[in-house]
Amino acid sequence: MSAVVVGAGLAGSAAALALAEAGVDVAQVAAAPGATALSAGTLDVAGASPGIPTLPWRDALRGTPLLPRERLALHRRGAPSHPWAQLFGAGDDPSQPEREVDAGVARLAGWLAPAGLGLAGGLGANRLLATVAGTLRVADFAFAPAAGGDLLAAHEIAVVDVPPLEGFDARALARILAREIEVLGLPKRPVSVVHPKLPEPLLAAPSPARVAARLDGADARTVLAQACQGLGAPGRLLLFPPILGIAAGAELVAALEASSGGRVAEALAFPPFALAGFRLQRALDAALAAAGVRRIAAHVRRLASGAGARLRVVLAEEPASLDAEAVVLATGRFTSGGLGADLGVVAEPLLGLPLYDADGRRIDGIPARRSARKGYGNEQPLFSAGVRTDRRLRPLGANGRPHHGRLFAAGDLLGGFDPARERTGLGVALVTGLRAARAVVEALHAPPSRTGDVP
Amino acid sequence: MTRLLRTRVLVIGGGINGTGIARDLALRGVPVVLAERRELGSGTTWASSGMIHGGLRYLQKDPAVTEHSCLDSGAIQRIAPHLVFRIPFLMPVFREDPLGPELVEIGLEMYDRYVPLKNGRPHTRLTRAQALALEPALSDRIECAFTLDEWGVDAARLCVANALDAADRGASVLTHTEVVELLRDASGRVTGARLRDRLRGDEAIVEAELVMNAAGPWVPQVAGLAGEAVRLRPGKGIHLVFERRVSNLAIYAKGVDGRDMFTFPHEQNSMAGTTDDDYYGDLDRIDVTEDEVAYVLQAMERSIPGIREHRVLHAIQGVRPTLFGFGAYEDELSRDYEILDHGAAGDAPGLWSITGGKLAAYRLMAEDAADRLCAALGVEAASRTAELPLPGGEAPADLPALAARFRIGLAPAARLAFRHGARAQGVLEAGEDAHARGRRIVCACEPVLDAELRHVARSEGLRRLTDCTLRVRLGVGACQGAACAVGAASVLAEELGWDAERAVREVAELAAARWRAVAPVLAGAQVAAMEIHRHVNFGMLGLAEEILP
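Residue numbers (the numbering used here), protein chains in the order written: chain A, 1 to 455; chain B, 456 to 1004.
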């Protein structure tokens, strides 16, 4: 039994890992890391969104905040095209989504553990994390070392200044954070800025990625740990910019906690910081290698019919093609190339699959600029669009039937939701990646005639 | 309480005309108040090609415009050398062109006579092979090509430099301040204006002997406040802004209707344009249409076949305050200017208007306007704007020394010195603190340093985050502010005393403004960039509620 997964982000990697564990011979094709490598350090399942009647995150702690599991239930009953509504039908057991998310997160945590990347959180509680800008964000789950920064658990916050770092202003972070805490009506927590006594700037050209790479080295790690000596105290959270090492993040955090005597966490990253996603990608890559998933670095040109009922993945580089009994497409959206707008026209480049927005309108074959609505805050069809699938995650062709009986889709490539506004990004990727793997295994075990509907 | 200001001349409009006139008057010792409804240079000036070129286009019909432009281009290079950059042009000739190489060369020989006025080099004729070697982006269908020399300028900074110099010499420059009404005395004379600060909401009365209406395409609206009619033939123009360079040199292109256009390197980008269409719509919401974008790309494609593969970041658009003319096509309208005394030509003595003109000849126009205002005021001082350098233009900056002394890269040093000239060192010195925050890069696309942002807030009267797109070109690169808006807002909050709500609103307004600029040209990799933009603004910062229209 063989399968090919296209895409190396969380959706594709979860599918590939689950397939490998199920004993399927699986190859993963990807030209480059995808949008997962740009993610911020959280794994959200059902964030607050303006489209459904829930509290915006700014108000999440004013009055009675909705818990992640309650938000998930709202999503499920919301737009019918939303993956949660698609996956968890009205007739299903109401506790099914939560159980499936919890089980998925537990599996992911197991895959990431050997790389030392921790994952914490749950659908039963909100955790409140600071971004690198000082704003607050409710997260369902978070990766270490951001996960340790739950402000609800800290009595006092000290922002660690490491100047001059591109895109980072410790004083501004502290000021905005203090203000956010006040606006949200949290019990008072003093917020200060501390300056480790570094003998010299960590780097003369201080881009975040280069500082992080430098901190992977034992020398720089020791220097920073010594400089942070005594900065911590019981109940004090030392909040760092997202620069705490790439490969050696866990060791660095341990060293800093030991020397400072306080709890150490990173602020949530967004551009120009991209370290959290990069660490996640590396940990996934390590897990895939350990599980024996064959990784092929190549661009996929198209999908075609192979011998028998097999699918052929045609590549732009060697090997020229791969035949498989099933294929999972987890190519994401525009950032990772799962959707394209070359010469302006929106398309799914591998199969020309029809693309639908959250309102069920097709947007493929139309110039992107024509789909762009005035008003940034409006719902934008372009950014809720993706493929539509049946309940087994098989993408539908223009005729409304599965394009191929053993072709599956997962992650952001699925349409009908707006991951940016809804903050449902990596949660959908994880759960649909695992679901797609299950669907592949079921299809591979079914007699060929029953997979039917091969065009 | 309403503030009361007394001055001799109230200038309405902070584009290149208004700031140029304010500076000219201030240098002659005339007290001036300048009121700009939005940000300096944010109207037609910003939407121009940012070229102080001689106008080869006008040579046939308007040789006087060509001569003015060349002459004044030379003067601008002298007074603001830091803001000006050379743009060598290639003009390809195709077999199907109506004018063959010989006729084109005759035109260029005529133009060569004006070129020394603006320190340009005479044209060169290149063979097909030479042109293709020089510019690989060029179509291999060309027969031959010509070179010519033009100059670019940061038009928004040119306005700021003029306004700063005026302010240094006693003028009051009020941005985000609109004219609510023009004041009249019993005889009907215009005696000043009631102004409203659009950010604070408070009002001020300015009493002035003369009011100069330099509101560009809004001139008729302002004149209308005094019951005066000014006729323009407003012409809308758009440019496409590309990520980095499309070509080494500027390249001429022809529209499907035969109009000349070009793509040209400009600061960190390439730009392509422009269109010229009669425009009678809302001047405060000028939309870029699908037709206009398609028209420009189609024109460029003939000269640069690969143009559609290049990433368009955003569009810029504006409306020219072209002099009225009936029956002519937009392109054939005169680029000359007019200074109107509403006392002589109408029933509103004390009010003057300026219309038409070109960026390249702004200084000459301002001098002419100031001469006429001074004659009316009985001021005898002569214009000094052609000799005295604009702020920063006093001496060249020493880039390697600047970079070494402040431990910054050469790129940020160069961009800082481009915008601030001789004052760059002072900007960095003022931004120094114990934690070296001043040399932090806030916007990596441009790049913009922390110290420069603090400087424009402290010393240049910057009032809004969105205005940074013009002042320092922050947030107009590949990421459209996704990576820098919050950091920049934090710096401005510190300098300008914004509370957190105000800072959030500023970030939201910048994000929304960038979407307006990007959406009409959305394609290719920029769709991915805006996907990330939304993840930052909605997913991470939770700005959805603030941005909802």
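From the three backbone atoms N, C-alpha and C, an ideal C-beta is built for every residue, glycine too.
Quick caveat, the model's predicted, so the values are computed rather than measured.
For residue 96 (chain A), the uninterrupted alpha helix (DSSP H) segment begins and ends at 96 to 112. When Cβ pairs closer than 8 Å are counted between the two stretches, the segment 669 to 678 of chain B is seen to touch the segment 491 to 504 of chain B, the count reaching three or more. Taking 8 Å as the cut-off, the Cβ atoms of residue 621 (chain B) and residue 730 (chain B) do not count as close.
The Cβ atoms of residue 36 (chain A) and residue 229 (chain A) do not sit closer than 8 Å to each other. For the segment 514 to 583 of chain B, the full-length alpha helix (DSSP H) segments reaching 4 residues or more read 518 to 534 and 556 to 567 along the chain. For chain A, none of the residues of the segment 636 to 666 of chain B brings a beta carbon within less than 8 Å of one of its beta carbons. Contacts with chain A at 8 Å (Cβ-Cβ) do not include residue 871 (chain B).
Within chain A, no residue has its CB atom less than 8 Å from the CB of residue 580 (chain B), the nearest being about 35 Å off. Runs of the alpha helix (DSSP H) lying entirely within the segment 231 to 317 of chain A, each at least 4 residues long, are 249 to 260 and 275 to 290 in chain order. Looking at the DSSP output, residue 694 (chain B) shares a beta bridge with B:728 and B:771. The count of Cβ pairs closer than 8 Å, one atom from the segment 3 to 21 of chain A and one from the segment 93 to 112 of chain A, reaches three, so the stretches are in contact. Taking all protein chains shown into account, residue 285 (chain A) has 16 or more neighbouring C-beta atoms within 10 Å of its C-beta and is therefore buried. Nearest CB-CB separation between residue 82 (chain A) and chain B: not below the 8 Å threshold.
Spatial neighbours of residue 520 (chain B) in its own chain (CB-CB distance under 8 Å, excluding positions within 5 residues in sequence) are listed in chain order as 510, 513, 789, 790, 791, 813 and 816.
Pairing residue 981 (chain B) with residue 933 (chain B), the inter-Cα distance amounts to about 7 Å. Cα atoms of residue 358 (chain A) and residue 373 (chain A): separation of roughly 14 Å, rounded to the nearest angstrom.
Near chain B, meaning a CB-to-CB distance below 9 Å, the residues of the segment 404 to 424 of chain A are 418, 419, 420, 421, 422 and 423.
Neighbours of residue 941 (chain B) across chain A, judged by C-beta separation under 7 Å: 133. Near chain A, meaning a CB-to-CB distance below 8 Å, no residue of the segment 723 to 741 of chain B qualifies. If you draw a straight line from the Cα of residue 523 (chain B) to the Cα of residue 819 (chain B), it comes to about 7 Å. Residue 668 (chain B) sits in a strand when the DSSP states are folded into three classes. Taking the beta carbon of residue 38 (chain A) as reference, the chain B residues within 9 Å of it are 987 and 990, listed in sequence order. For the segment 326 to 355 of chain A, the set of residues with a beta-carbon nearer than 9 Å to any beta-carbon of chain B comprises 333, 334, 335, 336, 337, 339, 340, 341, 342, 343, 344, 345 and 346, in chain order. Those residues of the segment 942 to 957 of chain B placed with their C-beta closer than 9 Å to a C-beta in chain A are 942, 944, 945, 946, 948, 949, 954, 955 and 956, ordered along the chain. Residue environment: residue 781 (chain B) is assigned as exposed (fewer than 16 neighbouring CB atoms within 10 Å of its CB, all protein chains considered). In terms of CA proximity to residue 431 (chain A), A:411 leads the group A:305, A:423 and A:411.
It is roughly 12 Å from the alpha-carbon of residue 507 (chain B) to the alpha-carbon of residue 575 (chain B).
Within the segment 575 to 632 of chain B, the complete alpha helix (DSSP H) runs of at least 4 residues fall at 583 to 589 and 610 to 623.
For residue 161 (chain A), the neighbours in chain B by C-beta distance under 8 Å run, in chain order, 890. Per the Cβ contact rule, the segment 766 to 781 of chain B is in contact with the segment 686 to 704 of chain B (3 or more Cβ pairs under 8 Å). Residue environment analysis places residue 653 (chain B) among the exposed positions, since fewer than 16 neighbouring C-beta atoms fall within 10 angstroms of its C-beta. The segment 374 to 384 of chain A makes no contact with the segment 296 to 314 of chain A: fewer than 3 CB pairs, one atom from each, lie closer than 8 Å.
Here residue 158 (chain A) is not near residue 263 (chain A), since their CB atoms are 8 Å or more apart.
For residue 953 (chain B), the three-state secondary structure derived from DSSP is coil. With 16 or more other Cβ atoms inside 10 Å of its own Cβ, residue 922 (chain B) counts as buried. By the criterion of at least three beta-carbon pairs nearer than 8 Å, the segment 940 to 960 of chain B is not in contact with the segment 303 to 317 of chain A.
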